[in-house]
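Scroll down for the structure; my scribbles are underneath it.
In the numbering used here, the protein residues as written are 1 to 192.
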């Protein structure tokens, strides 16, 4: 593991708030996301970019995750396919990405918000989701946990209007296979 270069205490602390302590972790993020962290200035970004380049590395540039909002998400999902699916699902809902959602959800998918509603069917779910979609400023995925046929995630979304949406989702998969589709999500939401 490679220590971070000297980028100043505010920038180092900003990276630490999202769990980045090494240069290898820096390269898992895109430049835009890091630039939007409070404490990371242009000079710190330039030093990071130059240090990455010296090692033949660069900031993350995954076209599948290109967003028009700041995305802060765990990067340790590549060896945990269900974690990656939960992460991809959540990003797809924020981007209103129908193609990705169709690939991740079974046709008879169920979405439940306890005490509020239950929607049955992937198409009905996407229609409902997209009809209430708002432009967002940022999406932060804090924890993603999986075990067997279940998983969970929590995070925060901030809309461009400044509304904070705190959420926790419990996922059920169709089986234990690493490519199992999502059959049900129970969502808990708090809007401030």
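Note that the Cβ used here is the ideal one computed from N, Cα and C, for glycine as well.
Subject >> Given residue 161 as reference, the closest of 84, 175, 36, 137 once Cα atoms are compared >> reply: In the chain shown, counting from the first residue as 1, residue 161 sits at position 161. Among 84, 175, 36, 137, the Cα nearest to that of residue 161 belongs to 137.
Subject >> Cβ neighbours of residue 62 in the same chain (closer than 8 Å, five flanking residues each side left out) >> reply: Taking the first residue of the chain shown as position 1, residue 62 is located at position 62. Low confidence applies here, because residue 62 scores a pLDDT of 47, under 50, leaving its location unreliable; read the following figure in that light. Result list for residue 62: 30, in chain order.
Original post:
Below 9 Å between beta carbons: does that hold for residue 107 and residue 121?
Top reply: Residue 107 sits at position 107 when you count from the first residue of the chain shown. Residue 121 sits at position 121 when you count from the first residue of the chain shown. Yes.
**OP:** Spatial neighbours of residue 148 within its chain, please: CB distance less than 7 Å, with the 5 preceding and 5 following residues excluded, ordered by chain position.
**Re:** Along the chain shown, read from residue 1 onward, the residue named residue 148 stands at position 148. Cβ within range, chain order: 176.
Original post:
What three-state label does DSSP hand residue 55 in the structure shown?
Top reply: In the chain shown, residue 55 corresponds to position 55, counting from 1. When secondary structure is reduced to three states using DSSP, residue 55 falls in the coil class, being assigned neither helix nor strand.
Original post:
Just how far apart, CA to CA, sit residue 129 and residue 143?
Top reply: Position 129 of the chain shown, counted from the first residue, corresponds to residue 129. Position 143 of the chain shown, counted from the first residue, corresponds to residue 143. If you take the alpha carbons of residue 129 and residue 143, they lie about 22 Å apart.
**OP:** With residue 131 as the anchor, note down where its alpha helix (DSSP H) starts and where it stops.
**Re:** The count along the chain shown starts at 1 and reaches residue 131 at position 131. Here the alpha helix (DSSP H) through residue 131 covers 122 to 131.
Subject >> Selection from 151, 11, 170, 32 that minimises the alpha carbon distance to residue 189 >> reply: For the purposes of this step, residue 189 is identified with residue 189 of the chain shown, where counting begins at 1. Looking at the Cα atoms, 170 is the closest of the given residues.
**OP:** Look at residue 91 and residue 73 and say whether their C-beta atoms are less than 9 Å apart.
**Re:** Walking along the chain shown from the start, residue 91 turns up at place 91. Walking along the chain shown from the start, residue 73 turns up at place 73. In this structure, residue 73 lies closer than 9 Å to residue 91 by Cβ.
**OP:** Express the C-alpha separation of residue 24 and residue 35 in angstroms, rounding to a whole number.
**Re:** Mapped onto the chain shown, residue 35 falls at position 35. Mapped onto the chain shown, residue 24 falls at position 24. Approximately 17 Å, taken between the alpha carbons.
**OP:** Excluding the 5 residues preceding and the 5 following residue 163 in the sequence, name in chain order all residues of the same chain whose CB lies nearer than 6 Å to its CB.
**Re:** Sequence index remark: in the chain shown, residue 163 carries index 163 (1-based). None.
**OP:** Please confirm whether residue 110 and residue 7 have their CB atoms less than 9 Å apart.
**Re:** Here residue 110 refers to the residue found at position 110 of the chain shown. Here residue 7 refers to the residue found at position 7 of the chain shown. Taking a C-beta distance under 9 Å as the contact criterion, residue 110 and residue 7 do not qualify as a contact pair.
Original post:
Which residues mark the beginning and the end of the beta strand (DSSP E) in which residue 152 is found?
Top reply: What you label residue 152 is simply residue 152 of the chain shown in a count that begins at 1. Start and end: 150 to 159.
Original post:
What three-state label does DSSP hand residue 188 in the structure shown?
Top reply: Taking the chain shown and counting its residues from 1, one reaches residue 188 at position 188. Residue 188: strand per DSSP, three-state reduction.
Subject >> Of the listed residues 187, 5, 173, nearest to residue 105 (C-alpha basis) >> reply: Here the question's residue 105 lines up with position 105 in the chain shown. For residue 105, the nearest C-alpha among the options comes from 173.
**OP:** Go ahead and label residue 126 buried or exposed: buried means 16 or more other beta carbons lie within 10 angstroms of its beta carbon, across all protein chains shown.
**Re:** As a first step, residue 126 is located in the chain shown; it is residue number 126 there, counting from the start. Classification for residue 126: buried.
Original post:
Just how far apart, CA to CA, sit residue 124 and residue 98?
Top reply: On the chain shown, position 124 is the one that residue 124 refers to. On the chain shown, position 98 is the one that residue 98 refers to. Taking the straight line from one Cα to the other gives about 12 Å.
**OP:** Could you give the DSSP three-state label for residue 63: helix, strand or coil?
**Re:** Here residue 63 is taken as the residue at index 63 of the chain shown, counted from 1. Annotation note: pLDDT 43 at residue 63 (below 50); position unreliable, coordinate value reported separately. DSSP places residue 63 in helix when its eight states are reduced to three.
**OP:** Could you tell me if the beta carbon of residue 122 falls within a distance shorter than 8 Å of some heavy atom in the ligand FAD?
**Re:** The model depicted lacks the ligand FAD and carries no ligand whatsoever.
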